[in-house]
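According to the numbering used here, the sequence shown is numbered sequentially starting from 24. We put the CB at the ideal spot given by N, CA and C, even for glycine. Some notes on the structure that comes next.
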Amino acid sequence: MSAIENKEKVKRLYDALNQGNYAILDEMFSTEVQDHASHGTAKGLDEFKQFSAVAGMAFPDMQMQVDDIVAEGNMVAARGRLTGTNTGPWMGQPPTNKPINISWMTIYRFEAGKIVERWLNGDDLAMMQQLGLAPSPAA
Numbered sequence: 024m025s026a027i028e029n030k031e032k033v034k035r036l037y038d039a040l041n042q043g044n045y046a047i048l049d050e051m052f053s054t055e056v057q058d059h060a061s062h063g064t065a066k067g068l069d070e071f072k073q074f075s076a077v078a079g080m081a082f083p084d085m086q087m088q089v090d091d092i093v094a095e096g097n098m099v100a101a102r103g104r105l106t107g108t109n110t111g112p113w114m115g116q117p118p119t120n121k122p123i124n125i126s127w128m129t130i131y132r133f134e135a136g137k138i139v140e141r142w143l144n145g146d147d148l149a150m151m152q153q154l155g156l157a158p159s160p161a162a
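Listed below in structure tokens is the structure:
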């Protein structure tokens with residue numbers, strides 16, 4: 024697949040996830056996907072889907088705005104903002120019912136038309152501060 028085709032797949036992935044369509048994970052990701060995220064790792068599609076389901080339950084109104092997306096070869100990088108309201112348990116904490124608005128950046132590696140590896144860095148500190156689970160900097 025070309026870099027342009029991979030880029031279009033990533034755009035379609037975010038569009039589907041923003042609609043709550045987690046079934047797209049089966050279509051887009053390899054069963055052997057390796058996920059490297061700032062909050063943990065997952066090996067294989069089942070673990071990745073389990074984490075995605077937990078995030079979806081913790082932030083059921085989650086939206087991922089894509090501000091930039093670039094592709095070269097078999098790699099696609101995207102960055103943007105994630106918003107949502109914490110109405111379910113997250114990272115061992117009860118729901119706070121507070122909104123979040125954080126930046127994120129993700130790199131995807133494709134093989135044979137499927138995502139085989141993902142690196143995700145989100146602003147976890149800002150998220151924890153916005154949820155009231157970490158102190159905010161002094162004004």
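CB-CB length for residue i against residue j, believed under 8 Å
| i | j | result |
| --- | --- | --- |
| residue 106 | residue 122 | 7 Å |
| residue 97 | residue 133 | 5 Å |
| residue 62 | residue 128 | In fact, because the Cβ distance is near 14 Å, the residues do not count as touching under 8 Å. |
Buried versus exposed, by CB contacts within 10 Å (16 or more), residue i
| i | result |
| --- | --- |
| residue 148 | exposed |
| residue 138 | buried |
| residue 64 | exposed |
| residue 135 | exposed |
| residue 29 | buried |
| residue 80 | exposed |
| residue 58 | buried |
Under 8 Å between C-beta atoms of residue i and residue j
| i | j | result |
| --- | --- | --- |
| residue 102 | residue 124 | no |
| residue 126 | residue 146 | yes |
| residue 47 | residue 60 | no |
| residue 76 | residue 37 | no |
| residue 85 | residue 78 | yes |
| residue 161 | residue 95 | no |
Straight-line Cα distance separating residue j from residue i
| i | j | result |
| --- | --- | --- |
| residue 152 | residue 119 | 11 Å |
| residue 74 | residue 100 | 21 Å |
| residue 93 | residue 156 | 34 Å |
| residue 54 | residue 67 | 5 Å |
| residue 144 | residue 130 | 9 Å |
| residue 43 | residue 89 | 16 Å |
| residue 50 | residue 116 | 31 Å |
| residue 24 | residue 83 | 33 Å |
| residue 163 | residue 56 | This structure cannot speak to residue 163, because the chain is shown only from 24 to 162. |
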